[in-house]
Amino acid sequence: MSPTVVHVAPHPDDEALGCPGALLHLLDRGWRVVSVIASLGFSNQWERRRAEFEDASRRANFVPVLLDPPLDISLHDDLAQATERVATEVPRIMALYEASVVVSPSPHDVHHGHETVARGVQRAMDSLPPSVRWWMWGIWGDLPAPNVFFPFGEPALTRMLHILEAYQGELARNDYRRLLVGRASTNAVLGSERVFGFGSPAASSLPYAEVLTEVRRVGRRWMASQAHHLDQGPLRDEQFSADLTAWVESPSVHQLVDPIPEVPGEDEAP
Ligand SMILES: [Zn+2]
């Protein structure tokens with residue numbers, strides 16, 4: 001049985017933007033990547049977004065899984081109920097595929113849909129084996145304490161762009177290809193110091209990078225691994241020595257200030 005990672009994307013395309021480099025790297029090393037999509041956006045977008053997701057999964061060679069029915073995670077939906085469904089579905093999927101790593105946005109990713117799904121994964125961790133590692137990425141909100149660094153070059157970027165380009169409908173709204181390239185460049189410059197400490201030399205000469213926050217449940221605490229390159233994992237139990245409980249469990253910023261509003265897309269039903 002191949003080792004398996006389950007990626008939980010709030011929307012179709014998040015699996016192509018969150019940490020596609022790390023997922024493809026695991027795939028190349030014999031891992032199975034199960035790509036779960038929680039929602040398909042507004043109901044009149046379902047058909048297009050499902051087709052784009054299936055195309056992206058074929059391009060990536062990920063195992064596609066859609067929550068059925070898709071979650072409603074628009075701003076005025078019942079987000080507590082959506083969190084509950086993620087907390088129930090993720091352990092079932094993790095058990096089905098015997099996965100050892102779950103990946104999602106961080107619970108502080110600012111977008112209400114991303115945080116809703118992340119809070120569900122956070123809850124799900126309580127019913128998963130304690131050996132399961134949770135990798136978090138940041139798209140809308142940056143990670144304050146990344147501890148995993150993954151550098152990559154032009155061929156990996158080209159492959160990621162090919163996957164992202166399955167999402168023509170989303171790219172027509174906003175060119176996320178530029179985000180993928182720009183964020184990867186930013187992480188290559190800032191990532192070494194953010195992961196390994198201010199003043200650290202560049203951790204790689206490659207032009208692009210991803211950063212992640214990796215935690216495990218240790219009792220009631222959320223313990224982060226020591227800073228490492230992706231290929232240096234998995235670490236021993238005692239190397240999960242940094243306590244991120246206060247951050248993981250703290251309220252999201254948008255529980256303290258108004259949420260960023262949501263503007264319907266052009267193809268939304270009236
Ligand atoms: Zn999203």
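Residue numbers for the sequence shown, in my numbering: 1 to 270.
All C-beta atoms in this analysis are idealised placements derived from N, C-alpha and C, irrespective of residue type, glycine included.
A buried status is given to Q45, since no fewer than 16 other beta-carbon atoms sit within 10 Å of its beta-carbon. The distance from the Cβ of A118 to that of V6 is about 14 angstroms, inconsistent with a contact at the 8 angstroms cut-off. The alpha-carbon of D72 is positioned some 14 angstroms away from that of P264.
Proximity of the beta carbon of H229 to ligand 1 is not indicated: no heavy atom of the ligand is located closer than 7 angstroms. By the C-beta density criterion, N187 is buried, having at least 16 other C-beta atoms within 10 angstroms. The chain-ordered list of residues whose CB is nearer than 5 angstroms to some heavy atom of ligand 1 reads P10, H11 and D14.
With a cutoff of 8 angstroms on beta-carbon distance, G138 and S106 are scored as near each other. A direct Cα-Cα distance of roughly 34 angstroms separates T158 from S252. For T88, no pairing in a beta bridge is given by DSSP. Linking Q226 to N147 through their CA atoms gives a straight-line distance of about 6 angstroms.
F152 places its beta carbon 8 angstroms or farther from that of A224. Taking C-alpha positions only, I37 is separated from S43 by approximately 15 angstroms.
With a threshold of 16 other beta carbon atoms within 10 Å, S127 falls short and is exposed. The Cβ atoms of E54 and P69 lie no closer than 8 angstroms to each other.
As a beta-bridge residue in DSSP terms, D243 pairs with M223. Around T116, the same chain offers I73, L79, A82 and T83 as residues with beta carbons nearer than 6 angstroms, after the five sequence neighbours per side are excluded. Shown here, F196 sits in a helix according to DSSP, grouped into three states. At a cut-off of 3 residues, the continuous stretches assigned as beta strand (DSSP E) that sit fully inside the stretch 115-149 are 133-137. A straight line joining the alpha-carbon of E238 with that of V218 spans about 10 angstroms.
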